[in-house]
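Structure first, commentary second.
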Amino acid sequence: MIPLYSTSQIRKIDEYAITKLGIPGIVLMENASREIFEIASWKITQLNSNKIGFVCGRGNNGGDGFAAARHFANEGYKVNVVYTGSEKEMTGDCKTNFSILKKIKN
Numbered sequence: 163m164i165p166l167y168s169t170s171q172i173r174k175i176d177e178y179a180i181t182k183l184g185i186p187g188i189v190l191m192e193n194a195s196r197e198i199f200e201i202a203s204w205k206i207t208q209l210n211s212n213k214i215g216f217v218c219g220r221g222n223n224g225g226d227g228f229a230a231a232r233h234f235a236n237e238g239y240k241v242n243v244v245y246t247g248s249e250k251e252m253t254g255d256c257k258t259n260f261s262i263l264k265k266i267k268n
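See the structure below:
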């Protein structure tokens with residue numbers, strides 16, 4: 163796989179979208195998670211499966227994972243999420259998506 167952008171370039175793009183365009187980080191996260199769902203659900207369907215797992219950290223990538231897991235759960239997939247830290251360590255938008263997912267899964 164050849165990355166389209168470096169990590170620092172992605173951070174600059176996110177910062178520009180948030181500060182200059184006024185797009186809240188949670189909206190960027192929601193859009194990213196929806197794309198994860200669209201691409202991965204297509205592949206899972208090809209495998210004749212309804213199961214998916216996520217390993218999520220405490221930052222924005224973890225938040226993307228929690229939000230994507232929510233999309234899968236809402237569509238009836240069997241979702242397993244492993245969180246690699248403690249809830250106290252989570253950043254804002256990540257914690258928001260974690261909280262939403264917990265409510266849906268319970």
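The opening position of the sequence shown corresponds to residue 163 in this note's numbering, with each subsequent residue numbered one higher. The C-beta atom is built at its ideal place from N, Cα and C for all residues, glycine as well. Please read these numbers as outputs of a predicted model, since none were measured by experiment.
First and last residue of the uninterrupted alpha helix (DSSP H) at G227 | The count along the sequence shown starts at 1 and reaches residue 227 at position 65. Element bounds for G227: 222-236.
Spatial neighbours of G238 in its chain, beta-carbon cut-off 8 Å, leaving aside the 5 residues before and after | Your numbering for residue 238 matches position 76 in the sequence shown. Within the same chain, G238 has close Cβ partners N212.
Is I185 helix, strand or coil when you go by DSSP?
-> As a working mapping, residue 185 is identified with position 23 in the sequence shown. Correct three-state label for I185: coil.
To which residues of the same chain is K267 closer than 7 Å at the C-beta, ignoring the five residues directly before and after it?
-> To locate residue 267, count along the sequence shown from 1; it is residue 105. Answer for K267: A235, listed in chain order.
Inter-residue Cα distance where the pair is K257 and L263 = One-based indexing of the sequence shown puts residue 257 at position 95. One-based indexing of the sequence shown puts residue 263 at position 101. Each residue's Cα considered, the two are about 10 Å apart.
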